[in-house]
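Each remark here refers to the structure printed beneath this line.
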Amino acid sequence: MMRRVILGMSGASGAAIGLQVGRLLAAMDDVELHLVVTSAARRTIAHEAGNEALGRLIGLAAHFHSESDIGASIASGSFRTAGMIVAPCSMRSLAAISTGITDNLLTRAADVQLKERRRLVILARETPLHLGHLRNMVAVTEMGAVVMPPVPSFYRNPASVEDLVAHIAARAVDLLGLTDAPLMPEWRG
């Protein structure tokens, strides 16, 4: 049985993480990847990963949805999914999600995950954080989302930026609970 998973990418820095999340989800035989990318994310992806990066990601997705298509399948609670990851999640998108402002397909799809009590993993990307950012993180957490700032773990002794990105992306996908064995090996002490 195919499980539908939504990947939303907004305009925060960290395009490499969202691209890696997309590759990990697309590589799962039983996952149907639905992708929605904001206009700000398109610009960030091109700047951080090159002009061809988004096209490659779209090629991996089973369905690519326009951010303006509020009538898309992923905008409805009747369209069952195994969850959604927003990676990276800008503070603008976080604020919209936390207040129920569904002015584009990314924020609407996230809102649907919350109202249907489905897993929503938000890789909120900004630093430093002001009180408004923190309150929005608290609000989405109280609604059932998992806020996972893309903070690298150094205890695994990463050898490259790619190692850091791979770890963060695998942890985000693991939070959806799609597999019995985690993508990121457990810490053994």
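Under our numbering, think of the first position of the sequence shown as 76, with each following residue one higher. Think of the CB as a built atom: it goes at the ideal place given N, C-alpha and C, for glycine as much as any other residue.
> Can you check whether the CB of Arg118 is closer than 8 Å to the CB of Gly86?
Replying inline: Here the question's residue 86 lines up with position 11 in the sequence shown. Here the question's residue 118 lines up with position 43 in the sequence shown. Yes, these two residues count as a Cβ contact at 8 Å.
>> Any contact between the region 89-100 and the region 140-157? By contact I mean 3 or more CB pairs, one from each, below 8 Å.
In response: These segments do not touch.
> Whose C-alpha, out of Glu217, His138, Thr156, is nearest the C-alpha of Val265?
Replying inline: Lying outside 76 to 264, the shown extent of the chain, residue 265 is not represented and no answer is given.
> Around the C-beta of His140, are 16 or more other C-beta atoms found within 10 angstroms, so that it is buried, or is it exposed?
Replying inline: Here residue 140 refers to the residue found at position 65 when the sequence shown is read from its first residue. So His140 ends up on the buried side.
> Roughly how many angstroms lie between the CA atoms of Arg78 and Arg263, to the nearest whole one?
Replying inline: Residue 78 sits at position 3 when you count from the first residue of the sequence shown. Residue 263 sits at position 188 when you count from the first residue of the sequence shown. Using only the alpha carbons, I get a separation of about 30 Å.
> Looking only at its own chain, which residues have a Cβ that is under 6 Å from the Cβ of Glu123, when we skip the five neighbours before and after it?
Replying inline: Start at 1 with the first residue of the sequence shown, and residue 123 comes out as number 48. Once the five neighbours on either side are set aside, the close Cβ partners of Glu123 are Ala90.
>> On the CB-based measure, 16 or more other CB atoms within 10 Å of its CB, does Arg183 come out buried or exposed?
In response: In the sequence shown, the residue the question calls residue 183 occupies position 108. Classification for Arg183: buried.
> Grouping DSSP H, G and I as helix and E and B as strand, with all else coil, what is His242?
Replying inline: Looking up residue 242 in the sequence shown gives position 167. In this structure, His242 counts as helix in the three-state DSSP scheme.
> Just to confirm, are Ala162 and Leu135 a CB contact at a threshold of 8 Å?
Replying inline: The residue given as residue 162 occupies position 87 in the sequence shown. The residue given as residue 135 occupies position 60 in the sequence shown. Cβ atoms of Ala162 and Leu135: not closer than 8 Å.
> Hey, Val221 and Val196 are a contact pair by Cβ (cut 8 Å); roughly how many whole angstroms apart?
Replying inline: Translated into positions along the sequence shown, residue 221 becomes position 146. Translated into positions along the sequence shown, residue 196 becomes position 121. That belief holds up - the Cβ atoms of Val221 and Val196 are roughly 5 Å apart, short of 8 Å.
> Quick one: what's got a C-beta closer than 7 Å to Thr44's C-beta in the same chain, skipping five residues either side?
Replying inline: The chain is shown only over 76 to 264; residue 44 falls outside these bounds and no answer can be derived.
> Is Thr202 buried or exposed, if buried means 16 or more other CB atoms sit within 10 Å of its CB?
Replying inline: Indexing the sequence shown from 1 puts residue 202 at position 127. Looking at its Cβ environment, which holds fewer than 16 other Cβ atoms inside 10 Å, Thr202 is exposed.
> What's the C-alpha gap between Ile243 and Ser153?
Replying inline: Numbered from 1 along the sequence shown, position 168 holds the residue referred to as residue 243. Numbered from 1 along the sequence shown, position 78 holds the residue referred to as residue 153. For Ile243 and Ser153, the distance between alpha carbons rounds to 30 Å.
> Would Ile133 be called buried (16 or more neighbouring beta carbons within 10 Å of its own) or exposed?
Replying inline: Within the sequence shown, numbered from 1, the residue matching residue 133 stands at position 58. Counting Cβ neighbours within 10 Å, Ile133 comes out exposed, since fewer than 16 surround it.
>> Between which two residues does the alpha helix (DSSP H) holding Met223 run?
In response: In the sequence shown, counting from the first residue as 1, residue 223 sits at position 148. First-last for Met223: undefined, no H or E at that position.
> Going by DSSP, which residues form a beta bridge with Phe139?
Replying inline: Mapped onto the sequence shown, residue 139 falls at position 64. DSSP lists Leu110 as partners of Phe139.
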